[in-house]
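**Q** Can you read through this structure? Questions will come right after.
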Amino acid sequence: MPRLRDERSGAVVSVPEEKVQRLGPNWVRIDGSSAAEDAASVFAEMTVADLSAEIDRRNEGRDDDAQIVPEGAKKAYLVAALIADDAATEPEAATEPDATN
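Numbering-wise (our numbering), the sequence shown opens with residue 4 and increments by one.
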């Protein structure tokens with residue numbers, strides 16, 4: 004199970020390999036490769052049919068304006084759309100407490 008560190012907070016977690024791509028680009032493996040690079044690698048290994056199915060799965064229950072809409076049906080467009088979706092849906096950074104209180 005890979006160990007990853009959040010570059011913003013410094014938090015370290017261990018997650019199953021299939022969940023790594025969902026963490027977002029701020030997470031880096033302890034060995035140095037980023038989660039975004041891992042996601043691109045995972046997506047590159049998938050077929051066009053699998054990528055389309057993943058987009059369909061993610062679009063279930065989303066409003067029309069929040070749906071993933073690739074620029075085309077080629078694999079590169081599908082991969083780019085999924086990577087963009089991962090970046091857009093990453094958790095917001097926690098705000099630091101105000102030290103002036």
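By construction, the Cβ of each residue, glycine as well, lies at the ideal position given by its N, Cα and C atoms.
The structure presented is a predicted model; accordingly, all values stated were derived computationally and were not measured.
Determine the closest residue to Val45 out of Ala90, Thr92, Ala91, Ile86, with distance taken between C-alpha atoms.
**A** For the purposes of this step, residue 45 is taken as the residue at position 42 of the sequence shown. Of the candidates Ala90, Thr92, Ala91, Ile86, Ile86 places its Cα closest to the Cα of Val45.
**Q** Under a three-way DSSP split, which group does Arg25 fall into?
**A** Reading the sequence shown from its first residue, position 22 is the one you call residue 25. Helix, per DSSP.
**Q** Buried or exposed: which applies to Asp88, given that a residue is buried once 16 or more other Cβ atoms fall within 10 Å of its Cβ?
**A** Reading the sequence shown from its first residue, position 85 is the one you call residue 88. Asp88 is buried by the Cβ-count criterion.
**Q** Find out if the Cβ-Cβ distance for the pair Arg32, Arg6 is shorter than 9 Å.
**A** Translated into positions along the sequence shown, residue 32 becomes position 29. Translated into positions along the sequence shown, residue 6 becomes position 3. Result yes, Cβ atoms of Arg32 and Arg6 sit closer than 9 Å.
**Q** Nearest CA to the CA of Pro28: which residue from Arg11, Asp34, Ser17, Val18?
**A** By one-based count along the sequence shown, residue 28 stands at place 25. Comparing Cα positions, the closest option is Arg11.
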